[in-house]
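Below is one structure, written out as structure tokens; comments come after it.
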Amino acid sequence: KNQVEQSPQSLIILEGKNCTLQCNYTVSPFSNLRWYKQDTGRGPVSLTIMTFSENTKSNGRYTATLDADTKQSSLHITASQLSDSASYICVVSGNTGGFKTIFGAGTRLFVKA
Amino acid sequence: NAGVTQTPKFQVLKTGQSMTLQCAQDMNHEYMSWYRQDPGMGLRLIHYSVGAGITDQGEVPNGYNVSRSTTEDFPLRLLSAAPSQTSVYFCASNFYRGDTEAFFGQGTRLTVV
């Protein structure tokens, strides 16, 4: 069964600290993996996309990694800011019985002053 | 450029009532979709459309209808609301079906009592 599992479910950190969010998937064959940020009361917005050949990609203070062999991805946030408080959703796409996109349940991040 | 516009933002319905959630995009995207987001779960696909006049069922289509008469508009109809349809609904558009970057509307929080 194609699944996307994210951990932790929620996380509280102090402003200025770093954190890492995890995403494990079983989608096969794999096409790509996206990380979305969802602010409270808003729709998700894409942060970055990882394809099979990419190991690391940065977008400002966000760095995503992908290990296609172990089917794991992480999103590292450096020097967190209050505005980073949001849900972060891992989304994996694959061509499995037709093109499919599977959403993880998300990690809820709270950044405190 | 408004992107994806969803209305209403909040709605309360009584069991058995019907309503239509509106969605419009101004990016000339071919692919549009409706998702529901429930606590602890990833976004689940309700219905999607690959172009005007073409719609298909997603993962959780029961109780919902869609139509796509124009490229811009993709309304979602609840036929006879049930408490199990209490959720947050998101409309999204992609340039085409295989393009994995989805642009989401702001969401509709629906409560069925």
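Protein sequences appear in the order of chains Y and S. One rule links them: number in the numbering used here = place in the first sequence (from 1) + 8. One rule links them: number in the numbering used here = place in the second sequence (from 1) + 23. Don't be surprised by glycine CBs; every beta carbon is placed ideally from N, CA and C.
- In this structure the region 19 to 34 of chain Y touches the region 96 to 111 of chain Y; the number of beta carbon pairs closer than 8 Å is three or more.
- Under the criterion of beta carbons closer than 8 Å, residue 70/S and residue 118/S do not qualify as touching, at roughly 19 Å.
- At a beta-carbon threshold of 9 Å, the residues of chain Y lying near residue 120/S are 107, ordered along the chain.
- At a cut-off of 7 Å between beta carbons, residue 82/S makes no contact with chain Y.
- Taking a cut-off of 8 Å on C-beta distances, the region 63 to 74 of chain Y does not touch the region 31 to 38 of chain S, as fewer than three cross pairs fall below it.
- Bounds of the beta strand (DSSP E) holding residue 55/S are 54 to 60.
- By the neighbour-count criterion, in which a residue is buried when 16 or more other Cβ atoms sit within 10 angstroms of its Cβ, residue 47/Y is exposed.
- Contact of residue 129/S with chain Y by beta-carbon distance below 8 Å involves 49, 50 and 51.
- Distance check between residue 120/S and each of 41/S, 56/S, 40/S and 76/S places 56/S closest, using alpha-carbon atoms only.
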